[in-house]
Every structure is written in C-alpha cells, then in structure tokens.
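In what follows, a structure is listed as structure tokens, so that the remarks can point back to it.
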Amino acid sequence: MSTLAVHDHGVAHHDDHGHEHHHNQSFLSKYVFSMDHKMIAKQFLITGITMAVIAMILSILFRIQLAYPEKTFPLLTTLLGRFAPNGRISADFYLSLVTIHGTIMVFFVLTAGLSGTFANLLIPLQVGARDMASPFMNMLSYWFFFLASVVMLSSFLVQKGPASGGWTIYPPLSALPKAMPGSGEGMTLWLISMVMFVASSLMGGINYVSTVLNMRTKGMDLWKMPLTIWALFLTAILGILAFPVLVAGVVLLIFDRSFGTSFYLSDIVLNGVQQPYEGGSPILFQHLFWFLGHPEVYIVIMPAMGISSEIMSVNSRKPIFGYHAMVYSLIGITVLSFIVWGHHMFVTGMNPFLGGVFMITTLIIAVPSAVKTFNWLATLWRGNIRFTPAMLFAIGMVSFFISGGLTGIFLGNAALDINLHDTYFVVAHFHLVMGSAAIFGMLAGVYHWFPKMFGKMMDEKLGYLHFWLTFIGAYLVFFPMHFMGLDGVPRRYYAFTEFVSMQRWLTVNTFITWAAIMAACAQVAFLYNFISSIFIGKKATQNPWEANTLEWTTPVEHLHGNWPGEIPTVYRWPYDYSKPGAEEDYIPQTVPFSQTMSSNLPHDFEDNPKGLEELNKFNSTLKANEQVK
Amino acid sequence: MLLGTNLLMAQTEATANTGGQPDAPQVDWTGVAYYLLLFFLVCLGVAVIGKILKIYDLTLKIQGKKGMKWNTVMAVVCLVFLIAGLYGAYWSFTVQGSMTLPEAASVHGVKIDEMFTVTTVLTMIVFFVTQILLFGFLFQYRHSDKRRAHFLPHNNTIEKIWTIAPAIVLTILVVFGFFTWQKIMDNTDAKGEPASINVDITGHQFAWELRYPGKDGKLGPKDFRLVTAANKLGVNFKKRSSFDDLQVDTMYLPVNKSVRLNIQALDVIHSVYMPHFRVQLNAVPGLPTFFKFTPTITTAQMRTQLDDPKFEYLVYCNKICGGGHYNMQKVVRVVTEAEYQAWLSRQKPYLSDALRKELHFAAADQPKKESQNRLALNN
Amino acid sequence: MSTAVSQIDEIKTTPWSGGRSPFNVEYGKIMMWFFLLSDAFTFSSLLISYGALRFSASVWPAADKVFQSVPGMIDHGAPLVFVGIMTFILILSSVTMVLAVEAGHRNAKKEVIWWMIATVIGGFMFLGCQALEWAHLHHEGFWWGSTPALHELKEFFTEGAGTDATRHLTAQEFANLFFTITGFHGFHVFTGVIINIIITVNVLLGTYEKRGSYLMVEKVGLYWHFVDLVWVFVFTFFYLV
Amino acid sequence: MSSDSQEVHHEEGEHATMTKGRIIKVALILSAITAVEFIIALILVPKGILAIQYANPVYIVLTLFKAFYIVAFFMHLKFEKVGLALSIIVPILFIIGLILVLTNESHHWITLRG
Ligand code: HEA
Ligand code: HEA
Ligand code: CUA
Ligand SMILES: [Cu+2]
C-alpha cells in the first residue's frame, strides 16, 4: 500500500480541501517550485518561448551578415561589443551565432519547450490522472532545464564567445581549444549545459512513460488514448534511449578536452605544432552524436504530429482518419529512427558499405510518414472545417512537413547526398521540416490549449495575422535555399563574397533576410497576443472547441488534482465527431454508450461482444416498433 | 592644447555611445530610430485595422446580420495562397532553378544527375498533388452550419493502397540509388584500365596543400611527426618514393583520366567539395580517405559552354573548420593530356632546398641524383 | 434495458484497460527500470567505443600482464587475482542486497538493516579495492594521457607484440579507456553506496515500517544490481578478453 | 483511480519466488561462472590448451550468462510481467545495431590507415 499511499495521499488531500488550500499556498510553492504539472507545463512553455525568441533574434543577426557582407552596422558594435568590431560581425562570432541558434532551437525550444510543455500539460489531463507519476522529479526536470538554459546563454559572456563548432560539435574542432575561439570556455559551458539538459529530459522522460503506463483512468486502454498521448509517449521513449548515447559521447569529448586523452583525436598538427594525440577517431564521435542526433529530430517532430492530428480532427469535426494506422506509423517511425543515423555521415569517411545500408533504412522511413500525410489529408476530406488559428498552424505543419520531407528523400539517397551534403539544400530541408513544421506544431498546440493553460482565450484575428505572416515568411525564407544548395553553396559560410560563383546569390540572400525579418516581426503579434490574453483575454468556457478528450472535462479554474471529484471513466475513443444519429456533432470520451443508443455503431463494440449483442437487440426492437407504427 | 581637448571630447563621445569600444564607428541612431518608428507605425496600422474590423463586425451584428464570416475569409485566403504558392514555386523553379550548377563534369556525376532528375520528378509530382489536395480541401470543405462532416473513421483498402504505393516508389529510388552509390564508391582500378593518377590533397586551417607523384607515379609516405615549416605535410624522406614527389599550387587534371584523390587533414575535419564534379568527401585527421573520379569536361570547354572566360573549377572546403572556413579554396584546371604533361614537367619537387638543408641532405648522394633530374624537369 | 446499459457500457478490466498498472508494478519501480535502461545505453556506448578503438589498434596490452599484482601484498606474478577478489566482493554485496529486499518482503526490519549494512560495507570494500588498483597502475605510470616509459612498456605486452611506437600508442589508449570507463563505473558504485546509506538510515528510522512496505529498498536494490551487472561486462572486456 | 491498482499489486505476493534458498543458489552459480572464467584465463590459455581467439567468445557467452542470472533473479525480471520484461529487453536490439556498425567501422579504419 506503500508508495501509492504517499502519492495517493497527496491526491486525497487535494480532494478534501484542495480548493481553500489554493490561496494560502505560498507564492514560491505555487509559481516557482510548483509540483503541479499544469504549472510546470507553463514554466516550460514560457522558458521555451523566451529561448525561441532569443534564438530567432540570433538568426536575424547572422542573416544580416549574410545579406550585407560588406556593409558595416555601427549598431552591431554597440550591441555585441567585441564580437562585432567596427560594425561587422566577426567570422568566428558568426559561427557562434549559428551554433547557438541551432542548439537552442533544437534542444531548448523543440525538445524541452515542445515535449516539456505538452507532455506535462496533456499526459495527466488526457489519460485522466491527478498529476505526473512523480511530481517532484517533474519539478527537478524543469529546474535542470532552466539551469541548462542559463548556462547556455551565459556562454555569451565569456571572453572568447560561445561555442562555435556547429550544433553538431564535431571534434577535433570542438576538442581543441586552440582550433577556434569558441572551442575554449564557450564549448565547456556548452557541454555542461548539455549534460544538465540531458538530465532534465531524462527525468521528464521516465516520468511521462511511467505516467502513461501506470496512471490511465478506468477504461482508458491504449486504443482509446488520443494521438497526442501516443506521440508524446513514444517521444519520451526515444529520449530515454537516445540521449544517454550522447552523454557517453560528451563524456569522452570532455576527457579529450581536459584530460589529455585521445578518443577522437589522432595525428593532429595545429598551426604547425604537433599535438600529442594518437589513435582516436573523429568518426567515432559522429556515430555517437548521430545515434542521438537522428532520433532527436523525430523527438522534435512527433509531438508536433500528435498535436496536429488532434487539432485537425477537432476542427474538421471529423474522426482522425485511420487512427490505428496513425499509431502504427508513429511506432514505425520510432523504431526506424534508431537505425538511420548514418545518413548524416555518407561522405564523412564512413564505410561506403554502411552508407548503402543506411540509405535503405532511411528511405523506408518515408513510408510511415506517407501514411501519416495521406491520413491527414483524408481527415480533412469532407470535413466541416473551422479555421481557428490552431487549425491553421496544424495545416501549416502538414504543408511544411510534406515539402521538407520530400527534400529529405533527396538527401536520404547517398548518391545525391555526395553533392548536397552540408550545402544550403540541407539547411532548407531541416528548416522546412523542423524550423517550420515542428515549430508550427508547437504554435498550434499553444493556440489550442491556451484556454486550458490560462483559462483565457487568445485573440483570433491576431492569430490569423501571425499565421499568415509566419507561414508565407517561412516559405519565402527557406524555399530559395534549396536552389542555393543545388548550386553547391555550402552552409556555415560567413560570407559568400570570396567565391565568384556565389556572389550572384547575394540578391537572393538579401531577399531571404528581409523575409526572415518580416517573419520575425510577425512573432511580435504572437507574443503580444500571448501575454495580453493571459491578463485581459476573454474568459474561456470549459470546452471552447467542443472537443472529446478528457482535459476539457476539468474545470476552467485549475486545481491540484485536476478533477474535483472522482476521475471520470472513459467509455469510447476520442474521435467520435459528427457521428450519424448523435444530436451533438461531438461525443466526449466520458459519455457511456447507453446514452447514445441512436448513434452507436457495431464498430464501437469490436472488443465487447456483449455490448454488440445489446446493440443488435436494441436496433431490432427499433425496427419492430417502426413496423408496428 | 585646444586640439588636445577636442581629441579628448571626441574620445569620450565615442566611448559614450559605443559601449566602451573606442575605435568603433559612430552609431547613427537616427537610422535605428527610423526603423523602430516604422515598426511601431506598422503595429499601429495593424491595431487600427483590427479596431475598424471589430466595429464593422459589431455594426453588422447590431443590424442583426451574422457578422463577418472569418471562417470563409480564411478559406478563401487558403485558396489564394494555393494559387499564389503554386505560381511562386513555378517561378522559383524557373528563375532560381536556372542558377544552379552546370552539367556534371565527371563520369559518375552524370549518373548522379540522372538520379537527381528521377527523384525530382517523382517527388515533385507528390509535392504538387498533396499541396493542391491539402489547400483544395480546406476551401472545399470550409465550415457551414448546413452540412455535417462525413463520419469516416477508416477504410482499410485505401490505407493499404497508400502504404504500398509510396513503398513501391521508394523501392525504385532505393534500388536505383543503391547501385549508383555502389558504383561511385567502388574504388578498385578495373582490370585493363591504367592505374589512376594519385593526387594528394591535404587540408589545414585554412588552405589546401597539393602533392603529385613524380616519375615513379608513387606518393611517398607521410607522418605527422615529421611536419616542419619546410615539410608542411610531413613527407617521410627515408623512402625513395618521396624524392620525386611534386609540390603544386593548382590542381591540374588530365581530361578523361581516372584520378584518385588521397584526402587528408592536418588539424581539424575539412571537406573536399568539388560541386562541378559532384565530388565530396571529408578530410579527417588521422584517417586518410580517398575519392576516385574521372573529369570529362576541360576548363576551356566549360568556359565556352558557360561563355564565362573567367570560369574556374574549384575545391571548396565544406565542413566547418573555423573562422576561415568560408574562404578555403583551390583552383582546379582540367586540361588535355598534352597540356597536363607540359604542366607536370614545370612543377617544383616537394623536396625544396630549404627542406634539404633541414634534412642535411647536402652530403647524401641520393638527393644529388634528385637535383639532376629536377634540373632536367626544369628545362 | 438496465442490463443492456450495464453490458453495453462494460469497460474491460484487463491489465491494459486503465485504472491499474499493466505490469502490476508501482510507478517508482517502472521509473527505476527505465532509468536503468537508459543508463545501460550510456555504458554500452562507452564499452562499444572501447571496442571500436581497440579493434582498430594493431596491438593491445595483455590484461594478465597489466593486472598481475595484489596491491600491498604481491607485486608480481599473480595475474587477475586482485580483480577476482573485487568481482567477488561486488557479487557478494549484490547477494546481501537481494537478501535485504527479501527480508523487506517479510517486513523483518532487523534483517533488512543488517543486510543493508553488509551491502554498504561491500560497496566500500569494492571502492577501496578500485582505489588501490588505480593507485597501483598510476604508480606504474599509467594515467589519462601518460604511460610508463617506452622501455618499461614491453612487459605489459605479450612477447614481441608490436613496435615501441605501437606499444606506446596502444598502452596510452588502454590507459585512457580503462580509467574513463572504470571511473564512470566507480562513480556509479559511489552514488549507489551513498543511496544505500540513506536508505539504511531511513530503515533505522522506521520510515518504511510506517509506510508498511520496503519497496524503496527494492528500487535501490535494482540500481545496485545494475552496477554489479555493468561490472560483469567491464570485468570481461578489460580483464579477460 | 490508480490506488486500487496498487492494492492489486500488493495482494499478489509475486516476490515469494525469491526465497533465501534460491538467492544462495544463484549466488553460487555466479561465482561458479566467474571461477570458470578464471580457470580459462589462468590455466587453459597460458598452457595453450585453449587458443585466445577461441577463449574470447567463451568469455562473452559466460558473461551473458552471468548477466542473465543477475537480471532475471537478482533484479527479478523473470518474475515480472512479460510486458515489462520485453520493454526492457527489446530496446537492447538497438545497442546490437550500434555494435555491428562500429565493429564494421573500426575494421574500415584499419584499411584506411593502411
Ligand atoms: C523535424 C526534424 C526532421 C525530420 C522530420 C526529418 C526527416 C527526414 N530527414 Fe532530415 N534532417 C533534420 C531534421 C529532420 N529531418 C536536420 C536537423 C538535419 C541536419 C542536421 C545537421 O547536419 O545540422 C537533417 C538532415 C538530414 C540528412 C543529412 C543531410 C546531410 O547532412 O547531408 C538526411 C539524409 O538522409 C535527412 C533525411 C531525412 C529523411 C529521409 C526524412 C524523412 O523522415 C522524411 C519523410 C517525409 C516525407 C517523405 C514527406 C511526406 C511523405 C509523402 C508526401 C508520401 C510520398 C512521398 C514519397 C513517395 C517520396 N535529413
Ligand atoms: C527549430 C529550429 C529552427 C528554427 C525555428 C530556425 C529558424 C531560422 N533559421 Fe535556423 N537553424 C537551425 C534550426 C532552426 N532555425 C539549425 C539546427 C541550424 C544549424 C546550425 C548549425 O549549422 O550548426 C540552423 C542554421 C541556420 C542557417 C544556416 C547558417 C549557416 O549554415 O551559415 C540559417 C541561414 O539562413 C538559418 C536561418 C534561420 C532563420 C532566418 C530562421 C527564422 O527564424 C525563420 C523566421 C521565423 C520563423 C519561421 C518563426 C519561428 C518562430 C519562433 C522561433 C517563435 C516560436 C514560438 C513558439 C514555438 C511558441 N538557420
Ligand atoms: Cu576547412 Cu572548412
Ligand atoms: Cu537524420
């Protein structure tokens, strides 16, 4: 009766006097060291958005350099001091900007900010639990993430600037402090921050998994879970299995940097001076990194997929098409994502034989992705579509995922990757699929669950403005990059002035930069909308989107323990929208079939023969009565 | 004296508005203010429009009408976006698409380009179809109170179809790609075919070093411990094969001859990237890699093709390697066999006089012979 | 109709249909299991890296020549004896830990305490041995980024294996990997011991008695056995293979 | 809600399976295997009865046995639900993938270094 006693104790106690308990909760325990999953979700979200905006500003800074490589901007010197002497960002700092931009966006925005927010908010609410399995570790998870963010940003304060070896920190570049300024303290901080981050995501991950496994409410079997939960669950598993490998890689890197070992280093002469390293292999690091790195990119997209599926079903008032297929494709992606990492290393010196193998596995991943894409389209087909901002962003996510995914097919082909690797084609690919699709998934989630998080509604019109500017902006930014890539323009280049063949892209670069600035400005609409709605937004009703999932059965006013009384029991899958014969066009999961006799279908009772019997009896009696009349 | 104070003032002024960066140029704040103002004006405009819309909405409602149908508006915008987008994509393909690399200048490059065309065709079909369906549906099935959505949870046959269809397409791509890849990466000299020319290319921050074999056609072994100012690559001169090696500063390649690039790096990872030949492989310190290819178009021919008299093939560095990464190039000239031989005979041996001194070779008889045939080479 | 309702609203009570743990396992234990799974990936990656580097090396120090002393007692010619002792200690401490868990199931507080204390002692003994082992190797000249002098190196290899250069190179690689990986494992043992102590104290204070179950001991037990498990692999790949 | 799940959990005395006797037995098996490993390492191999390249696979197999006993009995996964066991075992396949790839790579490195 033990631990559950502990953890149930908390719940019981909230049932009894949770309500009056609220106002005499101290500020610290309510807002700062909160153990309530809803508050932690908000903390993750707000930190995530802050990081996102910072990383976005970084991207604008280096875009300015790419657009006006010759111009000087005294303002930059004022802002960046020694990093931008006489009005121009220095070459090394450009790389720092890119590196930190990438790192923050991938890990801090789209891993912590996305999974962290929505796993914390939705898992307990949608599976019907009082809170996370371990609220305490949940809190720790956030605070580790917060620390990691602080450390990462603090690296802008060190003399030689932040890490600048690219977010993939390939050694030897990242291992030799003398190789470039950013590989000094900057890289050290990067590594420290990363270790904390992994700790955070690990604590989060095992929490999510055990919550989904153990704490589903009565009737919530796996095939009644919303796709968001499926996605977040599998994402958590990916994290648990992938991040530790990065830890191993990072540990070895730290030793190479600070303890004179040579795991990744061999035969190095750094500007004329022999280094005492021998026997290591840089490729080893690349394997360890990408064993995480590739699952990571699916960690980034899968929650977005789940969120979009949910939102598209709700707003086209139509069950998600092929629910089972959607789940199986998610599982397929999860499994496959562990055996394709080599596609980042086709031309890095990996054994060509492996290149061939990885190319096969990589292209297979397109199949589950295809299933998802087509099922989304089928969900819209003959729907009754409501264009809430959330819906628009979900659709944007699909559009971007198709575009970006298809470019992935080029890269996945080892033969083509020879000429595309590390060009702007790759940059275009991953921005479409991650910088746009995944971000849009996150934004969709924010718009959709804002009422649940803050009990207020966001302004729709501003939402529309935000969507169209960002959507068009992102396409304008990233579409042309493909063609730069096809012209062999390499990424991580400080300026395209030194190669005659690249100079003709300058106009395009200027255009891209201004498009980016526009898209960035559009985020102001979002931020204003977000913040103002928290305070002056109009009050939300309990179920503003007329959705079926459990979270909308909780009161608008948050209370620790989520449901005032008993946790509701679940009777049906979450996608009974526009069911023929039902009076409403949605039937929440908590409505028993006996209350919807007119709309029940045989298909609802696949795993309940008795129920099916009853249904048939009921229908036959109906017929009989009609004949009587 | 006066002058002095002036200077001083200038100083303080400078530091005042450049955050302690004496030598930094003046910020022209008016410019900044201008942009900020512009931005605020835009925001203001947006706000005003928003208000107007709200009021218009209200008036409509007051008149008992249904108010603005934002849903329909959005649906229409989706349609507009679809059309505009399709045109944009088309424009981008034609205009920017025409700015991409010229035809492949190597044997395997042609294969890669075929691969690329096939992939492009297949994926672009998918691209246009799916995007049209996506936005088409949005407009077609926009909300209306009269209709109810069509309850359709699943349909196994169609799901099977669109699982298998992509699977087939991808199998085609995989098989085609797999064999292309195998062919390209197959690095054993085919029987009968003359051994390919060995070219040694070594990357370091931030330049490429080239080394060609001499008469013996063999490159001498290297060891990073032997690197010195004069012996940049650490060539080992205990071995005879090293003596006639040549140091060159432009990569000359005979057309239609198989070339084997031996790729190395001294400090960090670099990447030998020759887009025109569709050649790329990383240069990894401690792990010599190589890439075999056959150039097919001479620089001269390419110049006429692109009617750009200044055109040059280039080696880029395509793996982040530090501050100079963006400017680490080497010129490649593809020439006829004759030109190549002529050029080759003009090249200086790697074993420079400075290096001889360093190695105290003056005494040894070996180098004497060396120097003679070097003279021979020179005239 | 009422029957109809009850049956039509039937919700399954199978393990997976919600309202209970599908594995009949309390959440804390599931978390521990998944943490261990994750940690297993870390160690595997480290060991795999070791493997990759070792395979690509031409020669490698012979374990029975590197480890042939019992610090403080025998200085030579006792290959693998000392590590044998270490291994045995760790296995034993694992056994005592299971016994503690087993006693926990019988709510036999006294026994739990004794077995836990035994486990802690075992842990400390292992750490002590590892410290000695490290000290000895360090004394011989092995360390991160340093090896014994060239002429001494011969004795760590099977006769005639490799050249001076390769011997030095691989000896260095060996040292780096050995200290890093055993260090990482030692760190785990150390944290394990700390946790065990905390738990022991809690048992003494009767925390779990009040709770009515010694599940906590069981969870910590899992961690402790995992540390043992890792050692089994470290042992094989550094001392035997 | 989940409290009753725990009730269920605690009524089932699944731990009864790990008796003192069995613990001792497993402990003995583990020590025995270790002993065998030592015999191979200290007697068979030096005496040339078993060549090292054959000894290594034997070591690994024995190690896997030990691993099995520790996980199955000490961590008593053998007595947990199959589901849990599988969810722990199956992911290990990915590790095997990593092993295969890196072994292949390390051989490739040898050929590259020449
Ligand atoms: C959200 C993140 C995300 C996602 C989902 C993907 C998805 C995919 N990625 Fe991407 N990728 C990245 C993020 C992501 N990638 C990042 C960040 C990098 C760069 C890292 C760095 O170097 O900095 C990268 C780099 C990258 C490379 C390495 C390029 C290089 O460095 O040389 C490759 C190569 O194979 C690749 C392939 C793929 C493939 C095949 C998919 C597939 O999953 C795509 C599948 C989807 C579709 C195919 C579209 C929908 C399907 C249909 C419409 C059906 C019909 C389609 C067909 C029949 C073809 N990606
Ligand atoms: C989520 C991932 C993400 C996002 C959103 C972005 C956004 C942008 N990126 Fe980023 N980028 C990366 C991930 C991302 N990037 C990565 C991983 C790299 C590789 C780094 C490396 O090489 O090591 C990279 C590198 C990279 C390069 C290559 C630099 C080089 O190689 O030299 C360029 C060049 O233009 C670029 C530009 C931009 C621009 C203009 C934006 C603009 O911001 C786009 C316009 C704005 C938007 C589309 C809106 C985004 C919205 C928000 C950020 C707010 C979000 C709020 C919530 C989600 C609640 N990025
Ligand atoms: Cu050299 Cu990049
Ligand atoms: Cu990938």
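Residue numbers (our numbering), protein chains in the order written: chain A, 1371 to 1999; chain B, 8 to 386; chain C, 383 to 623; chain D, 15 to 128.
C-beta atoms are modelled at their ideal positions from N, C-alpha and C, and glycine is treated no differently.
Classify residue i: buried if its beta carbon has 16 or more other beta carbons within 10 angstroms, exposed otherwise.
i	result
residue 1529 (chain A)	exposed
residue 218 (chain B)	buried
residue 247 (chain B)	exposed
residue 208 (chain B)	buried
residue 81 (chain B)	buried
residue 102 (chain B)	exposed
residue 98 (chain B)	exposed
residue 239 (chain B)	buried
residue 1986 (chain A)	exposed
residue 399 (chain C)	buried
residue 1346 (chain A)	As displayed, chain A neither begins before 1371 nor continues past 1999, which places residue 1346 (chain A) out of reach and without an answer.
residue 55 (chain B)	exposed
Residue i CB to nearest chain D CB: under 7 Å?
i	result
residue 482 (chain C)	no
residue 1370 (chain A)	Because chain A here runs from 1371 to 1999, residue 1370 (chain A) falls outside it and cannot be looked at.
residue 618 (chain C)	yes
With a CB to CB cut of under 8 Å and the five nearest residues on each side skipped, what residues in its chain are close to residue i?
i	result
residue 1739 (chain A)	1699, 1703, 1771, 1775
residue 1579 (chain A)	1603, 1606, 1607, 1610
For residue i, which residues in the same chain have their Cβ closer than 6 Å to its Cβ, ignoring the five residues on either side in sequence?
i	result
residue 612 (chain C)	425, 567
residue 1594 (chain A)	1940, 1943
residue 1778 (chain A)	1799
residue 1533 (chain A)	1469, 1552, 1556, 1557, 1560
residue 1615 (chain A)	1658, 1661, 1662
Could you check whether the Cβ of residue i sits closer than 7 Å to any Cβ belonging to chain C?
i	result
residue 1443 (chain A)	no
residue 84 (chain D)	yes
residue 125 (chain D)	no
residue 80 (chain D)	yes
residue 109 (chain D)	yes
residue 41 (chain D)	yes
With a threshold of 7 Å on Cβ separation, who are the neighbours of residue i within its own chain once the five nearest residues in sequence on each side are excluded?
i	result
residue 357 (chain B)	218, 242, 252, 253, 254
residue 1519 (chain A)	1417, 1421, 1478
residue 145 (chain B)	82, 85
Quick one: is residue i near chain B, going by C-beta distance under 7 Å?
i	result
residue 1687 (chain A)	yes
residue 1969 (chain A)	no
residue 1950 (chain A)	yes
Contact criterion: CB-CB distance below 7 Å. Does residue i meet it with respect to chain A?
i	result
residue 128 (chain D)	no
residue 28 (chain B)	Residue placement at residue 28 (chain B) is poorly supported in this model, since its pLDDT is 44, which falls under 50; the coordinates still yield a value, given next. Interface residue, yes.
residue 15 (chain D)	At residue 15 (chain D) the pLDDT is 37, less than 50, meaning the model places this residue with poor confidence; the figure from the coordinates comes in the next sentence. With 7 Å as the cut-off, residue 15 (chain D) counts as an interface residue toward chain A.
(request) May I ask you to list, following chain order, the residues of the region 90-101 of chain D that have a beta carbon less than 7 Å from some beta carbon of chain C? (result) Listed by position, the residues of the region 90-101 of chain D near chain C (Cβ gap below 7 Å) are 94, 95, 97, 98.
(request) Starting from the N-terminal end, write out each residue whose C-beta falls within a distance shorter than 6 Å of any non-hydrogen atom of ligand 4. (result) In chain order, the qualifying residues are A:1664, A:1667, A:1713, A:1714.
(request) Below 7 Å between beta carbons is the criterion; list the residues of the region 328-353 of chain B that meet it against any residue of chain D, in chain order. (result) Result list empty, no residue passes.
(message) What are the residues in the region 1652-1686 of chain A lying within 7 Å of chain D by C-beta distance?
(response) The region 1652-1686 of chain A vs chain D, Cβ under 7 Å: 1653, 1657, 1661.
(request) Return the residues of the region 1741-1755 of chain A that lie within a Cβ-Cβ distance of less than 7 Å from chain B, sorted by chain order. (result) Contact residues of the region 1741-1755 of chain A toward chain B are 1741, 1743, 1744, 1747, 1750, 1751, 1752, 1753, 1754, 1755 (C-beta to C-beta distance below 7 Å).
(request) Select from the region 1574-1586 of chain A all residues with a C-beta closer than 8 Å to any C-beta belonging to chain D, and list them in chain order. (result) Going along the region 1574-1586 of chain A in chain order, one finds 1584, 1585 with a Cβ nearer than 8 Å to chain D.
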